[in-house]
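*Asks:* So that we are looking at the same thing, I have put the structure below in structure tokens.
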Amino acid sequence: MQFFSACLRYLLFCILLAACGRDLSTAQGVVEEFVDQHYVHIDLPKAKALTVSIALHKVNEEIRLTEGQKVDASTQKPRVNYSLLEKKESPERASFLYEGSIQSGDGTSFTRKWLINARKEGAQWRVSNFTESD
8 MQFFSACLRY LLFCILLAAC GRDLSTAQGV VEEFVDQHYV HIDLPKAKAL
58 TVSIALHKVN EEIRLTEGQK VDASTQKPRV NYSLLEKKES PERASFLYEG
108 SIQSGDGTSF TRKWLINARK EGAQWRVSNF TESD
């Protein structure tokens with residue numbers, strides 16, 4: 008019985024681990040990794056690595072505008088959750104509309120919508136543009 012219980016726990020752990028990883032060979036996987044890095048973790052250099060074209064220009068501008076602003080483990084970051092509202096995919100291009108719920112440390116909260124476009128660059132998907140609205 009103990010062996011069965013240990014096997015079951017291991018199996019559940021493996022399923023959970025697989026569910027947490029993103030498939031960066033898909034448009035949605037790359038876009039959601041971008042959302043996590045850009046909006047959730049506020050790690051612009053990691054978000055930048057996933058971009059091309061207009062999105063690359065926008066992230067570079069955000070990096071320039073925030074130069075000197077230290078964002079690290081001691082920074083109080085907002086809590087961000089998001090959900091996919093709509094997606095449109097073709098073999099070379101895709102767009103995803105997300106709704107984000109942002110909660111700040113002082114208890115205030117608000118929502119934003121993020122429209123994120125991706126395109127295939129060679130064999131890899133990259134974020135090509137993103138916009139934010141209320």
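Numbers in our numbering are just positions in the sequence shown, counted from 1, shifted up by 7. Just so it is clear, CB atoms sit at the ideal spot from N, CA and C, and this is done for glycine as well. These numbers come from a predicted model, not from an experiment.
1) Output needed for F103: all residues of its chain with C-beta closer than 6 Å, excluding positions within five of it in sequence on either side, in chain order.
2) Using a Cβ-Cβ cutoff of less than 7 Å, which residues in the same chain neighbour A25 once the five nearest sequence positions on both sides are dropped?
3) Can you tell me where the beta strand (DSSP E) with G107 in it begins and where it stops?
4) Can you give me the Cβ contacts of R86 inside the same chain, cut-off strictly under 6 Å, excluding the 5 residues immediately before and after it?
5) Considering only the alpha carbon of each residue, which of L72, S90 and R133 lies closest to V47?
6) So which of S140, R126, A130 and S108 has the shortest CA-CA distance to D43?
7) Considering R126, what are the terminal residues of the beta strand (DSSP E) in which it resides?
8) Run through DSSP, which three-state label would R71 get?
9) What are the residues that DSSP puts in a beta bridge with E139?
10) Which one or two residues does DSSP pair with R86 in a beta bridge?
*Replies:* Taking the structure as given:
1) Counted from its first residue, the sequence shown places residue 103 at position 96. If we look at F103 and ignore the five residues flanking it on each side, its Cβ neighbours are V38, K94 and I123.
2) Locating residue 25 in the sequence shown gives position 18, where the first residue counts as 1. With a pLDDT of 42 at A25, under the threshold of 50, the predicted position of this residue should be treated as unreliable, though the coordinate-derived value follows. Answer for A25: no residue qualifies.
3) Stepping through the sequence shown from its first residue, residue 107 is reached at position 100. Segment R100 to Q110, the beta strand (DSSP E) holding G107.
4) As a first step, residue 86 is located in the sequence shown; it is residue number 79 there, counting from the start. Q110.
5) For the purposes of this step, residue 47 is identified with residue 40 of the sequence shown, where counting begins at 1. Nearest option by C-alpha distance: S90.
6) The count along the sequence shown starts at 1 and reaches residue 43 at position 36. Looking at S140, R126, A130 and S108, the one whose alpha-carbon comes closest to that of D43 is S108.
7) One-based indexing of the sequence shown puts residue 126 at position 119. That run of the beta strand (DSSP E) goes S116 to E128.
8) Numbered from 1 along the sequence shown, position 64 holds the residue referred to as residue 71. Note: R71 maps to helix in three-state DSSP.
9) As a working note, residue 139 is residue 132 in the sequence shown. Answer is W121, bridged to E139.
10) Taking the sequence shown and counting its residues from 1, one reaches residue 86 at position 79. DSSP lists Q110 as partners of R86.
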